[in-house]
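Peer 1: Here the sequence shown stands for residues 1 to 207, numbered as in the working numbering.
No residue lacks a Cβ here, since even glycine has one placed at the ideal position from N, Cα and C.
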Amino acid sequence: MKKSLVIIVYFLLVCCGTKHAQILGYFTKTTNILYLYVQNRIEITSTSNATITAAIDNGIIKQIDNSTFEVQVQKDTTTTLTIYQDGKHRNFQFRVKQFPEPVISFDFGKCKNKTHFTTEEFKKLSTIDPLWLDFIYEGGSNFKEMEVIIIKRNNTRYFYHFNGNRFASATRSIESGDMILFRNMIVTFKGSFEKDIKVKDCLITIE
């Protein structure tokens, strides 16, 4: 599956009484980070209607429209993005990082990375949720779909498929000694875009 991620970066280009747009600065919700192996989408806003172009010194940049660019970096090194408009340009630097795996949590942040539960503990839980410790995206994310396999003590297996992050209907009859495998979990990033990322499996042991 082709991995793709939209990272929204807003560049503030302000026209200061001349026919040329003056690039005064920018702010970003992603702390100037581009991720390897995914397509990073950059949104540029301007008060000028002049054409915006951009170049990058690490990887490939593709212009989607006059304000939207997709960047795919190739090396783990500081990367410079150059924006051109009305004969002027400005450089912006980004850090490059590996795309992180989420921390698995339950019921909106509880039991982070916990893999062993009592029967009573786990029966109280109803949702599985991704937490990103090293990734900033304020639009939010959740599991779009997943498979749940209940593995009984005698190795009998029960298979379930869920759209969304709720799984309680599959775990009502769990017992001590059972295992629960969450696999093929697809995370959807919410907001002004929707992209899907597959994350690693999660095995839970019921004690």
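#1: If you count every other CB in all the chains shown that lies within 10 Å of the CB of residue 72, and 16 or more means buried, which is it?
#2: Quick check: the Cα distance between residue 187 and residue 101, rounded to an integer number of angstroms?
#3: With the cut-off set at 8 Å, would you say residue 199 and residue 99 are in Cβ contact?
#4: Residue ranges of each beta strand (DSSP E) run of no fewer than 3 residues wholly in the stretch 25-107, ordered along the chain?
#5: State yes or no: is the C-beta of residue 142 nearer than 7 Å to some heavy atom of the ligand NAP?
#6: Taking the alpha-carbon positions, what's the residue 103 to residue 58 distance?
#7: Count the CB pairs spanning the stretch 200-207 and the stretch 116-125 that are closer than 8 Å, and state whether there are at least three.
#8: Who are the near neighbours of residue 160 in its chain, counting only those whose CB is closer than 8 Å to its CB and skipping five residues on each side?
#9: Please report the distance separating the alpha-carbon of residue 30 from that of residue 85.
#10: Between the alpha carbons of residue 176 and residue 158, how many angstroms are there, rounded?
#11: Beta carbon of residue 79, beta carbon of residue 56: below 8 Å?
#12: Whose C-beta lies closer than 7 Å to the C-beta of residue 64 among residues of the same chain, with five residues either side of it excluded?
#13: Tell me which residue opens and which closes the beta strand (DSSP E) that residue 188 is part of.
#14: For residue 144, does the three-state DSSP call read helix, strand or coil?
#15: Where does residue 110 fall in DSSP's three states?
#16: Going by beta carbon distance, what residues of the same chain come within less than 8 Å of residue 132, once the five residues before and after it are set aside?
#17: By alpha-carbon positions, which one of 48, 126, 153 and 36 ends up nearest to residue 96?
Peer 2: Based on what the coordinates show:
#1: buried
#2: 11 Å
#3: no
#4: 33-35, 40-43, 52-56, 60-63, 68-72, 79-85, 88-97 and 103-106
#5: In the structure on display, the ligand NAP does not appear, and there are no ligands present to speak of.
#6: 29 Å
#7: yes
#8: 147, 148, 149, 150, 167, 169 and 170
#9: Any answer about residue 30 is weak, because its pLDDT of 47 lies below 50 and its placement is not dependable; what the coordinates show is given next. Rounded to the nearest angstrom, the two C-alpha atoms are 23 Å apart.
#10: 16 Å
#11: yes
#12: 70
#13: 179-189
#14: strand
#15: strand
#16: 100, 102, 103 and 141
#17: 36
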